[in-house]
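According to our numbering, the sequence shown is numbered sequentially starting from 589.
C-beta: ideal position from N, C-alpha, C; glycine also.
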Amino acid sequence: TGQVQPLVAFNTASPPAAPIVKTALEDMASFLGGSPVYGNGYAALGDRDLVLAVTEHLRARGVDAKPEEVVITAGSQQAIWLAVTMLASARRPVALESVTYPGVFDAVHAAGSRPLALPMGPAGLDVATSIKLLRAARPDIAYVTTFHNPTGTALSDDDARLLLEAAAALGTTVIDDRTIGELSLDGVDRTPFAAFGTGASVITIGGMSKVFWGGLRIGWL
589 TGQVQPLVAF NTASPPAAPI VKTALEDMAS FLGGSPVYGN GYAALGDRDL
639 VLAVTEHLRA RGVDAKPEEV VITAGSQQAI WLAVTMLASA RRPVALESVT
689 YPGVFDAVHA AGSRPLALPM GPAGLDVATS IKLLRAARPD IAYVTTFHNP
739 TGTALSDDDA RLLLEAAAAL GTTVIDDRTI GELSLDGVDR TPFAAFGTGA
789 SVITIGGMSK VFWGGLRIGW L
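Shown next, in the form of structure tokens:
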């Protein structure tokens with residue numbers, strides 16, 4: 589046709605900026621209903637309106653979140669770093685998918701821990717084998733991505749429940765990385781792990797950079 593097709597970058601799991609971002613940046617004052625500049629710009633405990641918005645976002649998806657449980661971070665990468673380095677130790681490994689988001693490895697090494705690879709199959713995480721590995725190694729943390737980065741697969745509710753029940757019995761904290769969990773290509777939302785009510789300790793991670801724009805370095809746990 590002679591038309592130049594746009595390049596699609598496969599080295600980053602992030603779409604172009606959402607239209608609402610362009611609208612906001614063109615006239616921030618009108619978008620926010622007034623001047624966007626107030627106070628000294630620092631909010632040590634997180635901006636209250638943002639914390640409440642994240643809490644509402646989580647509760648709408650079945651997570652019984654409370655504002656005092658939400659930590660705002662400089663992107664989801666910082667949320668991953670904080671969660672892993674807070675909970676991991678040199679005594680036990682950090683379980684994660686055998687193919688996973690590479691940014692998690694720096695946090696694992698910084699915590700003095702080591703990765704434990706959970707096997708992946710054509711349909712995603714091999715849950716049955718992963719549970720056997722969890723029982724053998726009893727890791728402090730199991731880090732799982734929704735949707736899986738980079739394959740795009742996702743656990744079924746039944747498999748997720750089995751994994752969470754095993755983690756609960758072992759005292760393993762599950763980090764549910766939902767950074768790209770809002771980008772369902774098949775239109776089917778996946779249930780957050782914290783919404784299953786299995787008794788497992790779950791840290792839910794999310795952010796705005798994948799959904800809205802990479803320049804919005806806002807995340808939460």
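Coarse secondary structure for residue i, derived from DSSP in three states
{"i": "M796", "result": "coil"}
{"i": "D765", "result": "strand"}
{"i": "A725", "result": "helix"}
{"i": "R773", "result": "Reading off the sequence, residue 773 comes out as Leu, not Arg. Residue state, collapsed to three classes: coil."}
{"i": "V609", "result": "helix"}
{"i": "A597", "result": "coil"}
{"i": "V692", "result": "helix"}
{"i": "A631", "result": "coil"}
{"i": "T717", "result": "helix"}
Beta-carbon proximity check, residue i vs residue j, cutoff 8 Å
{"i": "S664", "j": "D728", "result": "no"}
{"i": "A742", "j": "G709", "result": "no"}
{"i": "V762", "j": "A730", "result": "yes"}
{"i": "A716", "j": "A755", "result": "no"}
{"i": "T767", "j": "G795", "result": "yes"}
{"i": "T661", "j": "A698", "result": "no"}
Cβ-based burial, residue i [other Cβ within 10 Å; buried from 16]
{"i": "N737", "result": "buried"}
{"i": "A597", "result": "exposed"}
{"i": "K654", "result": "exposed"}
First through last residue of the alpha helix (DSSP H) which encompasses residue i
{"i": "E644", "result": "R636 to A648"}
{"i": "E657", "result": "First-last for E657: undefined, no H or E at that position."}
{"i": "F672", "result": "Note that residue 672 corresponds to Val in the displayed sequence, not to Phe. Per DSSP, V672 belongs to the alpha helix (DSSP H) from S664 to L675."}
{"i": "S618", "result": "M616 to L620"}
Supposed contact pair residue j and residue i - C-beta distance, whole angstroms, cut 8 Å
{"i": "V732", "j": "S701", "result": "Between S701 and V732 the Cβ distance is about 16 Å, and since that is not below 8 Å, they are no contact."}
{"i": "L750", "j": "I719", "result": "7 Å"}
{"i": "V790", "j": "D774", "result": "Not confirmed; about 24 Å, so no contact."}
{"i": "V609", "j": "L809", "result": "About 23 Å separates the two Cβ atoms, so there is no contact after all."}
Limits of the beta strand (DSSP E) - the one that residue i falls within
{"i": "A705", "result": "P703 to L706"}
{"i": "L684", "result": "V682 to E685"}
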